[in-house]
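For reference, each letter of the sequence shown is one residue, going 100 to 362 in my numbering.
Even for Gly, the Cβ is constructed at its ideal location relative to N, Cα and C.
Scroll down for the structure; my scribbles are underneath it.
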Amino acid sequence: MRLRLNGRYLLIGLLAYVIFLLVQFPAGQAYAWWKAGPGAQQKVVLTGLSGSVWRGSAQQALIDGQRLQGLEWRLKPWTVLFGKLEIDYEIRLDDGFLRGSVAADPQGAVAFDTLEAKLPLAQLPLPAIVALQPAGVVNLNLQSVDWNGEALLSAQGRLVWSGAGISLLQPLQFGDLALTLENRDGSVIGELSDAGGPLQAEGLLTLKPDGSYQFTGRFAAREGAQSPLGQALGALGRPGADGRVQVNQSGRLAALGLGSGPR
């Protein structure tokens, strides 16, 4: 029994030592070897690399066409012993940033201990809705975000869309909108509110652990139904007695391009 336990500790120690050697490897040399290999991703280009695989930085990065003004990371190598890899990171954009602590496992699950961001929408590659040309800045301040590859299992915090607006034949300004997230009854609940701008908005978003979602909201233009914003809202439905347009939407996150759907 003692020999078996000693062998186990020896194996763990050897694995920890190998991890230590790997993470001390220079980041620039590791990147050069990776780019020369058959599995290299041509959509990822890093320049100005310094530091090590464990703790390093890149002055600029180009990832799938999105240019980043800086990238820093710090690995927590001991987390590999628990079947995951945890990284502290900071990404810099023009007039924006993204930083936090994230852990990932081989099954595709991702957990953010913290997630902070300032994302100017005009600089981001957006999906098909880009035809609406969204404007403004999205600010994130989230904790305990848990994504299993198919559904958002946990999230707490706040998303604020500052200077929100879109261009739909003409520019439409919404003002500031906020989505407050919390965990409730096994689901992630998001409460939508406005800050008194042109768009009056309130809603409830429910994200279930099976990857489905449901949204119910009410919207109105503070300048009235005949304003450009009010007329645009009329395309969503007929206003009720209170002058607000009711919106009900449900489905699966996979249908929105988020996650892979049921396995």
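Inter-stretch contact (C-beta, 8 Å, three-pair minimum) for the segment 297-304 and the segment 265-281 = With a cut-off of 8 Å, the segment 265-281 and the segment 297-304 count as touching, because enough Cβ pairs lie within range.
Unbroken stretches of the beta strand (DSSP E), 3 residues or longer, contained in the segment 193-232 | You should have 195-203 and 209-219.
How far does the beta strand (DSSP E) with Pro270 in it reach, from first residue to last?
-> Here the beta strand (DSSP E) through Pro270 covers Gln269 to Arg283.
Determine the DSSP secondary structure at Ile190, reduced to helix, strand or coil.
-> Looking at Ile190 - three-state DSSP - the assignment turns out to be strand.
Going by CA-CA distance only, name the one from Asp245, Leu291, Arg191 and Leu268 that's closest to Ala208.
-> For Ala208, the nearest C-alpha among the options comes from Asp245.
What do you get for Ser253, buried or exposed, if any count of 16 or more other CB atoms within 10 angstroms of its CB means buried?
-> Ser253 comes out buried.
If Leu241 and Phe211 are in contact, beta carbons under 8 Å, what's the gap, nearest whole angstrom?
-> A Cβ-Cβ separation of about 7 Å places Leu241 in contact with Phe211 under the 8 Å criterion.
Looking at the structure shown, is Ala250 part of a helix, part of a strand, or coil, going by DSSP?
-> Ala250 carries a coil assignment under DSSP once its states are collapsed to helix, strand and coil.
Thinking C-alpha only, which one of Ala202, Gly147, Gly262 and Gln158 is nearest Ala234?
-> When each option's Cα is compared against that of Ala234, the closest is Gly262.
Who are the Cβ neighbours of Lys217 in its own chain at under 7 Å, not counting the five residues just before and after it?
-> The answer, listed in chain order, is Gly195, Phe196, Val236 and Asn238.
Ala354 by DSSP, collapsed to three states: which one?
-> In the three-state reduction of the DSSP assignment, Ala354 falls in the helix class.
Quick one: grab the DSSP three-state call for Gly333.
-> When DSSP states are grouped into helix, strand and coil, Gly333 belongs to the helix group.
Considering Gly147, what are the terminal residues of the beta strand (DSSP E) in which it resides?
-> Counting along the chain, Gly147 sits inside the beta strand (DSSP E) bounded by residues Val143 to Gly150.
Roughly how many whole angstroms lie between the Cα atoms of Thr305 and Ser149?
-> Between Thr305 and Ser149, the C-alpha separation is close to 43 Å.
In or out: Glu322 buried (at least 16 other Cβ within 10 Å) or exposed?
-> Exposed.
Go ahead and pull the three-state DSSP assignment for Trp177.
-> Note: Trp177 maps to helix in three-state DSSP.
For Leu355, which of Gly199, Thr146 and Glu249 has the nearest alpha-carbon?
-> Comparing C-alpha distances from Leu355 to each of Gly199, Thr146 and Glu249 shows the shortest one belongs to Glu249.
If you count every other CB in all the chains shown that lies within 10 Å of the CB of Gly147, and 16 or more means buried, which is it?
-> Label assigned to Gly147: exposed.
Beta strand (DSSP E) segment containing Ala340, residue limits | Taken as a continuous stretch (DSSP letters only), Ala340 belongs to no beta strand (DSSP E), as it is neither H nor E.
Is DSSP giving Ala324 helix, strand or coil here?
-> Reduced to three states, the DSSP call for Ala324 is coil.
Cutoff 6 Å; reference Pro308; Cβ partners in own chain excluding five residues on either side = Its chain contains Ala250 and Leu252 as the residues whose beta carbon lies nearer than 6 Å to that of Pro308, once the 5 sequence neighbours on both sides are disregarded; these appear in chain order.
If you follow the beta strand (DSSP E) that Asp293 is part of, which residue opens it and which one closes it?
-> Its beta strand (DSSP E) spans residues Ser286 to Asp293.
Indicate the three-state DSSP secondary structure (helix, strand or coil) for Gly182 in the structure shown.
-> Looking at Gly182 - three-state DSSP - the assignment turns out to be coil, as it is neither helix nor strand.
Reference Leu268; option with closest CA among Arg257, Leu231 and Gly316 = Distances from the CA of Leu268 to each of Arg257, Leu231 and Gly316 were compared; the closest alpha carbon is that of Leu231.
Apart from the five residues just before and just after Ser156, which ones in its own chain have a Cβ nearer than 6 Å to its Cβ?
-> Sequence-distant Cβ neighbours of Ser156 in its own chain, meaning closer than 6 Å and more than five residues away, are Ser149, Gly150 and Glu171.
From what residue to what residue does the beta strand (DSSP E) around Gln159 run?
-> Per DSSP, Gln159 is one residue of the beta strand (DSSP E) stretching across Arg154 to Ile162.
Report the three-state DSSP secondary structure of Met100 (helix, strand or coil).
-> Summary for Met100: the model assigns pLDDT 42, below 50, so the residue's position carries little reliability, and this model does not support an answer.
Answer with buried or exposed for Ala319, where buried requires no fewer than 16 other C-beta atoms within 10 angstroms of its C-beta.
-> A residue is called buried once 16 or more other Cβ atoms fall within 10 Å of its Cβ, and Ala319 is buried on that count.
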